[in-house]
Amino acid sequence: MSDHERIKKRQYILKQKILSFNWGGQALISLYISILSGIIVALQYNPAEPFYSTAVIELIVPYGSFWRALHYFSSQAFFLLLLCHLSAIIWENTHYYSRAAWIRLTLSVPMALLLLFTGYILRDDATGEAAGAIAEHTVLSIPFAGTWINDLFLSISSNGLKRVYANHLVGFIVLGGYCVWPHLRRYTSRWRDHLPLILILLLISIMLPCPMEPDQIGLLHIAGPWFFLGLQELLRTIQPFWAGIVFPGIILVALITLPHKGQKRSFYLFIFGLWLSLYTVLSVISYTRI
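Numbering (the working numbering), first residue to last: 439 to 728.
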């Protein structure tokens, strides 16, 4: 066997190992843990006094720090594993979905992102407050429908975090559930099949605190959530509508309209790679400003 053939064989084995990993099941278990721990945290949370109630959960409520950390880290794990699951499906390209079913499934990614993002806003610490202000400003930049969308999902400057809280608990959960429900009916996940993941999340939640940043007077640059850093950097140079709506909309439209096969699919995959490379560079630049 030649060196080239050995390399090809190793690449094939590596690909099979990656694709055979149960990314979807791991993501689903992480979501279940996030929901269960989120219910416990929500019982102590008050959207009228978001930062104070978050501090109370962290410092006074028995085991509050653990439950808040478990909710935070399981939510992060869910989103990352969901992205890995989607990437594996696109890479493998052996599953065929109708266009309507594919659109419905891929829209679960922005729903998951909105759930994660509103969770940051609800902390109402330095990061959450900055993220909320940027999000509201970006949504209001949408022509014609911006005010209506803001009133429906955010309305932070007018109503505080009450609407964000309602959408975090109900709105985005319902929309995300609608997107993935046909998929969940076909594929199930059992807790006992994912004990290592559960153990890792429990250990991380015991050992590491959930982030919480008080206001830092005089600080010129406040970093948003890690997945928001690229957009935050882009917002420094171009208008909010183009940076916060059009730029992320490119990858979403490309994902929704991804062809199942042919040369066009290769072009779409090139667009994905280019977009992700650019966003990574922007995120690194934003991170260096911290």
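In this text, a Cβ means the ideal position worked out from N, Cα and C, and glycines have one as well. As the structure is a computational prediction, the values presented were derived from the model and not from experiment.
Nearest-angstrom Cβ-Cβ length linking residue i and residue j, presumed shorter than 8 Å
i	j	result
L553	H606	7 Å
V612	S546	The Cβ separation is near 12 Å, so there is no contact.
S579	P678	4 Å
Y535	L543	7 Å
F511	L639	6 Å
Opening and closing residue of the alpha helix (DSSP H) in which residue i lies
i	result
E671	667-672
C522	502-530
T540	Just to set this straight, residue 540 is Trp in the shown sequence, not Thr. Counting along the chain, the alpha helix (DSSP H) containing W540 begins and ends at 537-544.
N597	594-597
Q482	Here Q482 belongs to no alpha helix (DSSP H), and DSSP marks it neither H nor E.
K699	Premise fails: K699 is in no alpha helix (DSSP H) and is neither H nor E.
M781	Nothing about residue 781 can be read from this structure; the chain reaches only from 439 to 728.
I572	564-578
S491	488-497
N588	584-591
V691	685-694
G615	610-624
A604	600-604
Same chain only: Cβ atoms within 8 Å of residue i, ignoring 5 sequence neighbours per side
i	result
K699	N531
L599	P485, P488, I559, L560, D562, G570
G656	With a pLDDT of only 48 at G656, under the threshold of 50, the placement of this residue in the model should not be trusted; the figure read from the coordinates follows. Closer than 8 Å at the Cβ level, and outside the excluded window around G656, lies no residue.
Cβ shell of residue i (< 6 Å), same chain only, five flanking positions each side left out
i	result
I541	I694
F517	A550, L554
W713	I689
I723	E671
Contacts around residue i, its chain only, beta-carbon distance under 7 Å, and the 5 residues preceding and following it disregarded
i	result
S595	E574
Y625	G462
A681	L669, L672, L673
A507	S643, L646, P647, C648
Counted within 10 angstroms of its Cβ, other Cβ atoms place residue i as buried (16 or more) or exposed
i	result
H509	buried
M645	exposed
V529	In the sequence under discussion, the amino acid at residue 529 is Trp, which differs from the Val named in the question. With fewer than 16 other Cβ atoms within 10 Å, it is exposed.
I467	buried
A515	buried
T675	exposed
T492	buried
A465	buried
T556	buried
L720	buried
R601	buried
W505	buried
A539	exposed
Original post:
Given 8 Å as the limit, is there contact between the stretch 618-631 and the stretch 575-588, that is, 3 or more CB pairs closer than that?
Top reply: The way I'd put it, the stretch 618-631 doesn't touch the stretch 575-588; fewer than three beta-carbon pairs between them come closer than 8 Å.
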